[in-house]
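To keep things clear, I will list the structure first and then write my remarks on it.
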Amino acid sequence: MQASTKENQQTDDIETNIDVTAEKNSSSKKTKSPLLPPPKKRQRAKPVEVVKKESKNVSEVWGHFTRLPSSNPPRAACNYCGSSYAAHPRYNGTTALWAHLENSCKKYPHRKEKSQKTMHDFTGFKAYSRALEPSFEVPSRHTVARDCMKIFIEEKRKLKKLFKSERVCLTTDTWTSLQNLNYMCLTAHWIDSDWELQKRIINFCIVENHKGETIGKQIEECLHEWGIDKVCTITVDNASSNDRAIAHLKKKCKWKDVILNNDYMHMRCSAHIVNLIVKEGLEEQHESIMRVRNAVKYVRSSPARLKAFKRCVEKEKIDSKSLLCLDVETRWNSTYLMLDAAEKFEKAFERLGDEEQKFIEYFDCYELNQDECEGKKAK
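Mapping of the sequence shown onto UniProt numbering: position 359 corresponds to residue 359, and the numbering continues sequentially without gaps.
Structure (structure tokens):
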């Protein structure tokens, strides 16, 4: 009986232990995984209406520009000079507008001129001057410009006083620069009290064209400015426009103490006449001169060709210090100098033709072009 009761007590203890462990496990599970609230239903977002705002001219540059309402694509015009630029609010910025105000628009009141740096502005030059003479102070560019103008005004006053008592001869010439600008230079010549020939440039200016009336009016204005009314002669080149210029001066200007009724006032430049005569005489030898001219052009066209030509000179043992030179169309003596120098290097040119095929091809190409030009003229 006692054994059975012990067994019953053991089974009860085991059951109670099992129940306790089960309760512990269930409580631990409950703490590890708590229950979450159910998810809320998402509401659909309402569509947002996009309101397009008109672009505003925020930049300060729009105080100097005005949009053109009738332009398509949009453009804006400068308030000072009227120049227009692309001004689309989406595709174009304001960089071009600012650049126009700072660099191009001459009527812009707040434009800052970029002045060139002078020697006075360099610190190195100042240090150099102090090293040479510590007490010397470098003047500013404004002081130098002011002093130059004072000297010019004083010298002009002296010349005007001199021209009132002296009879002068004038020379003038006109030409066109590489920039296609027409220039005119007027020089006065006279003999002073010590019987020495003097000359001064009294005008150097741009003229509209080379017409006779234009040149005559420009000379007339210059003579009035300097107070010159005693003119002996006016020397010009042999152009027909200068005949009209002299006729204009004889008619408009009031001369004092004229010589022989101004019949010999118009003097033609003898050097220009000689140049025309020599050029016409050289037409018979045009082909030979052109060959020499092209040979000199070939040698002087690049450093490599000049170096090759010098090698040929050394091989031929030509002892000459003269250099090859090209002639100028308006100077007949330059043609003579070119021929004289090229003759001394005749053997060097022959060797250059033997050693370099390009030298021969250069002449063949030129002669071919000449034949084509003559054929076109014949047609």
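We treat Cβ as the ideally placed atom computed from N, Cα and C, and that holds for glycine.
Burial state of I277 is exposed, judged by a 10 Å Cβ sphere holding fewer than 16 other Cβ atoms. Per the C-alpha coordinates, the member of R351, V236 and L337 positioned closest to M265 is V236.
Where A76 is concerned, the enclosing beta strand (DSSP E) starts and stops at R75 to C78. Counting only residues of its own chain and dropping the five nearest sequence neighbours on each side, K347 has a CB closer than 6 Å to the CB of E316. No Cβ-Cβ contact shorter than 8 Å links K230 with K250. N238 is classed as exposed because its beta carbon has fewer than 16 other beta carbons within 10 Å across all chains shown.
DSSP, reduced to helix, strand and coil, places H266 within a strand of the structure shown.
Here the alpha carbons of K161 and I151 stand approximately 16 Å from one another. For the pair S241 and I215, the CB atoms are nearer than the 8 Å cut-off.
Apart from the 5 residues on each side of it in sequence, D192 sits with its Cβ closer than 6 Å to the Cβ of Q198 in its chain, given in chain order.
Taking L97 as reference, the option from K106, Y298 and S84 with the minimal CA-CA separation is S84. Nearest C-alpha to Y91 among K254, R75, A145 and P139: R75. Note on geometry: alpha-carbon atoms of A77 and T66 lie some 5 Å from one another. In this structure the region 122–131 does not touch the region 141–155; the number of beta carbon pairs closer than 8 Å is below three. DSSP links M184 through a beta bridge to T174 and C205.
Distance check between A295 and each of T330, L352 and K252 places L352 closest, using alpha-carbon atoms only. By the beta-carbon neighbour count (other beta carbons within 10 angstroms, threshold 16), L323 is exposed.
Straight-line spacing of the CA atoms in C269 and K158 works out to 29 Å. Closest in alpha carbon position to F204, among K217, E220, T187 and H210, is T187. Per DSSP, the beta bridge partners of K199 are H189.
In this structure C232 does not touch C185 by the C-beta definition: roughly 19 Å separates them, more than the 8 Å allowed. For F309, the secondary structure class from DSSP, reduced to helix, strand or coil, is helix.
Going by beta carbons, P69 and A86 fall outside the 8 Å limit. Annotated as distal: M338 and V299, with beta-carbon spacing of 8 Å or more. The beta carbon of S320 sits closer than 6 Å to those of K344, all from its chain and outside the five residues before and after it, given in chain order.
For the region 132–179, the continuous alpha helix (DSSP H) assignments of 4+ residues that do not extend past its boundaries occur at 141–163, in sequence order. Listed in chain order, the non-local C-beta contacts of C253 below 7 Å within the same chain comprise E220 and L223, local neighbours out to five positions each way being set aside.
Ranked by Cα distance from A99, the first of V61, L132, K279 and I259 is V61. For the set D194, T94, Y80 and Y128, the Cα lying nearest the Cα of C105 is the one of Y80. Counting along the chain, C253 sits inside no alpha helix (DSSP H), nor does DSSP assign it H or E at all. In the DSSP annotation of this structure, the continuous segment of the alpha helix (DSSP H) that includes S288 starts and ends at H286 to R300. For F359, the CB contacts under 7 Å within the same chain, skipping 5 residues up- and downstream, are Y298, L352 and G353 in chain order. Counting along the chain, F349 sits inside the alpha helix (DSSP H) bounded by residues E346 to E355. The beta carbons of I273 and T335 sit about 16 Å from each other, so the pair does not count as a contact at 8 Å. When I202, E356 and L306 are compared, the shortest CA-CA separation from W190 is found for I202. Between A308 and C325, the C-beta spacing is not below 8 Å.
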